[in-house]
Amino acid sequence: MPPGERHETCLLCAAERITPWYHEDDVCWIADCEICATPMVVWRWHGTDVPMDDHRHMMDRLAAVAGEVFDGHYVDDNMRNIPDHYHAHARPRGGFFGHGFRRSTPAGNGDGEGS
Ligand SMILES: [Zn+2]
Ligand SMILES: [Zn+2]
809 MPPGERHETC LLCAAERITP WYHEDDVCWI ADCEICATPM VVWRWHGTDV PMDDHRHMMD
869 RLAAVAGEVF DGHYVDDNMR NIPDHYHAHA RPRGGFFGHG FRRSTPAGNG DGEGS
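According to this note's numbering, the sequence shown is numbered sequentially starting from 809.
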């Protein structure tokens with residue numbers, strides 16, 4: 809059965825533009841996650857059974873957006889809040905955004921917490 813279903817009560821299906829959108833196409837859209845304030849790619853269709861091509865497409869698009877937002881990032885596709893609709897966050901490498909994220913020590917010397 810092809811994708812195409814949308815759920816009335818699903819936040820991601822509703823796709824409310826409450827945060828800035830970076831990207832939108834036939835497969836996915838990318839916006840700042842309301843909760844984490846990091847870019848998040850969301851599949852157009854309700855479900856987690858994402859075809860390989862769509863998945864690759866989403867990872868490409870997310871990487872492009874994240875590359876402009878962060879110096880380095882990793883993809884977190886752990887769907888804690890909405891487990892039945894595929895989405896993935898790009899998070900800054902080295903920490904959660906807003907929770908200790910900073911580029912204080914560029915090289916070596918991992919312990920920069922003086923005094
Ligand atoms: Zn989030
Ligand atoms: Zn949904």
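A virtual CB, placed ideally from N, CA and C, is assigned to each residue, including glycine.
- Linking aspartate 861 to aspartate 868 through their CA atoms gives a straight-line distance of about 11 Å.
- For isoleucine 843, the Cβ falls inside the 7 Å cut-off from some heavy atom of ligand 1.
- Taking C-beta atoms under 8 Å as the contact rule, arginine 852 and valine 835 qualify, at a distance of about 6 Å.
- Spatial neighbours of threonine 856 in its own chain (CB-CB distance under 8 Å, excluding positions within 5 residues in sequence) are listed in chain order as Met887, Pro891, Asp892, His893 and Tyr894.
- Within the same chain, Cβ atoms closer than 7 Å to the Cβ of histidine 831 are found at Trp837, Ile838, Arg869 and Val873, the five residues on either side in sequence being excluded.
- DSSP places glutamate 832 outside any alpha helix (DSSP H); the residue lies instead in the beta strand (DSSP E), whose first and last residues are 829-832.
- In the structure shown, arginine 825 adopts coil according to DSSP, grouped into three states.
- Taking proline 900 as reference, the option from Asn889, Asp885 and Gly880 with the minimal CA-CA separation is Gly880.
- DSSP, read as helix, strand or coil, puts valine 849 in strand.
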